[in-house]
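Using full-length UniProt numbering, read the sequence shown as starting at 1 and increasing by one per residue.
Here's the structure, in structure tokens; my notes come after.
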Amino acid sequence: MTEFQKNPIATDQDYFELADQVYGDVLQKGTEIKGSEGKKWVVIESIDTNQSEAKNGLQAIAVVPAKDYDPDKTQYDNIIYSFRGTEFGKFDGDLSTDTFQITMGMKDNWGAVGGDIQKLPTSFDSSLEFVDRVNKTYKPISVHTTGHSKGAAEADFVAAERNFYATTYAAPNIYRLLSDEAKKRVDEGVMDHKAVDYTHEKDAVGNFEQFGANPIGKQYIVKSNGTSHGVLGLLLMAEHPMDTFQGMFHSDGSPMLVSEPHGVIRQAKNTEIHLKVEDIQAITTDLKREIDHINEQIVEASSKIIQVLQQSPASVDGNLIPTITYAVNQFQRNYMESLRSTSDFIYQKANEFERVDNER
Numbered sequence: 001m002t003e004f005q006k007n008p009i010a011t012d013q014d015y016f017e018l019a020d021q022v023y024g025d026v027l028q029k030g031t032e033i034k035g036s037e038g039k040k041w042v043v044i045e046s047i048d049t050n051q052s053e054a055k056n057g058l059q060a061i062a063v064v065p066a067k068d069y070d071p072d073k074t075q076y077d078n079i080i081y082s083f084r085g086t087e088f089g090k091f092d093g094d095l096s097t098d099t100f101q102i103t104m105g106m107k108d109n110w111g112a113v114g115g116d117i118q119k120l121p122t123s124f125d126s127s128l129e130f131v132d133r134v135n136k137t138y139k140p141i142s143v144h145t146t147g148h149s150k151g152a153a154e155a156d157f158v159a160a161e162r163n164f165y166a167t168t169y170a171a172p173n174i175y176r177l178l179s180d181e182a183k184k185r186v187d188e189g190v191m192d193h194k195a196v197d198y199t200h201e202k203d204a205v206g207n208f209e210q211f212g213a214n215p216i217g218k219q220y221i222v223k224s225n226g227t228s229h230g231v232l233g234l235l236l237m238a239e240h241p242m243d244t245f246q247g248m249f250h251s252d253g254s255p256m257l258v259s260e261p262h263g264v265i266r267q268a269k270n271t272e273i274h275l276k277v278e279d280i281q282a283i284t285t286d287l288k289r290e291i292d293h294i295n296e297q298i299v300e301a302s303s304k305i306i307q308v309l310q311q312s313p314a315s316v317d318g319n320l321i322p323t324i325t326y327a328v329n330q331f332q333r334n335y336m337e338s339l340r341s342t343s344d345f346i347y348q349k350a351n352e353f354e355r356v357d358n359e360r
């Protein structure tokens, strides 16, 4: 696989501006986008799957520096891909991507086409097809991805799959969606040197770890400008919107970290932890109790959603209800049961250690 270089001119603030402005009306080739410090970018390619049969919510652009743009050009050295995040209030493919792919880690996407349920490409499948097509056309030397929220997840996905660089904002972890090859790249620490995400403390999306999955690259906690989002605060997302990052960059384009210069969330990888047997037993007991509680909440929430859909035409001719039911069952089988089995195993081993100690 080609080893792409890091973008030579863009700063973290430039990636923020591109991740922010992709929410606007910029999905047309030739559109100019204003960046930081007077920089300008031009869209060379775009994709909007909501205008296709897939309707999986993917909307993205490929941009180059304005000084390099020529509508007749067939090769660009440096390309940046920016992926649009979830747009609340628009009932498009974003909702299913957030629920089934990002939250539940499901690689398949089922949808109604012509009255029939069919397997369709996910937004992650489409994002990979998009960057592969554009890279094949323009043969870049450096490739970098960016995005916010769902868009950040898509940016991380293609970066891990194709060994790109990525700078994202409030990216939920999508490790479980990766291919075995990409997972290996993450596990071996390759992406630690290529992917970085910036998020806030009060953001459940940016801090979503996909239930203990390995992180894709490094993540830093950055300062918020205090912009108020009261309603989102109730969903633990008060600091999730893009405007909470505005103005929180240094003069060199780097973000203001909560703890300068050590704002890394996961900085205890090599820390040794010593626990007593009774501590392990207590932890696993609490873990099983929490697993059961989460499981009850999932079942209750899905039941309420189904009740609403049964009274609404939005159920898409009844296809959405069985899809939700199937997704919940898969989630319980793949994650909740696995977590409970793991906690039972740890508890059992703790008891065995205790028994051996008592026999000495």
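Just so you know, even glycine gets a beta-carbon here, dropped at the ideal spot from N, CA and C.
Only a predicted model underlies this, so the values are computations on that prediction, with no experimental measurement involved.
Per the C-alpha coordinates, the member of Arg355, Ile33, Asn173 positioned closest to Ser149 is Asn173.
Every beta strand (DSSP E) stretch that sits fully inside the region 41-67 and reaches 3 residues is listed by chain position as 59-65. Contact annotation: the region 7-26 touches the region 144-163, with at least three C-beta pairs closer than 8 Å.
Ser82 has Ile61, Thr146 as its beta-bridge partners, per DSSP.
Between the alpha carbons of Asp77 and Met191 lies a gap of roughly 22 Å. Membership of Tyr138 in the alpha helix (DSSP H) is indicated by the continuous run 123-138. Proximity to Thr122 across Pro140, Asn135, Lys136, Val158 peaks at Val158, based on C-alpha coordinates. CA-to-CA, the gap between Val43 and Val134 works out to about 12 Å. Across the set Gly253, Ser82, Ala155, Ser127, the C-alpha of Ser82 shows the shortest separation from the C-alpha of Ile61. In the DSSP assignment, Ala213 falls outside any alpha helix (DSSP H) and carries neither an H nor an E. Of the residues Val131, Asn295, Asp180, the one whose Cα lies closest to the Cα of Tyr165 is Val131. Here DSSP, grouped into helix, strand and coil, assigns Gln219 to strand. Exclusion of the five residues before and after Ser254 leaves Asp12 as the residues of its chain whose Cβ lies within less than 6 Å of its Cβ. In this structure, the alpha-carbon of Glu53 lies about 44 Å from that of Ser251. With a beta-carbon spacing of about 5 Å, Arg84 and Val22 fall inside the 8 Å limit used to define contacts. Annotation: Asp286 to Lys34 spans about 51 Å, alpha carbon to alpha carbon.
In the three-state reduction of the DSSP assignment, Phe249 falls in the strand class, which pools E and B. In the structure shown, Gln28 adopts coil according to DSSP, grouped into three states. Within the same chain, Cβ atoms closer than 6 Å to the Cβ of Ala182 are found at Ala160, Glu161, the five residues on either side in sequence being excluded. The beta carbon of Arg185 sits closer than 7 Å to those of Ala160, Asn163, Met191, all from its chain and outside the five residues before and after it, given in chain order.
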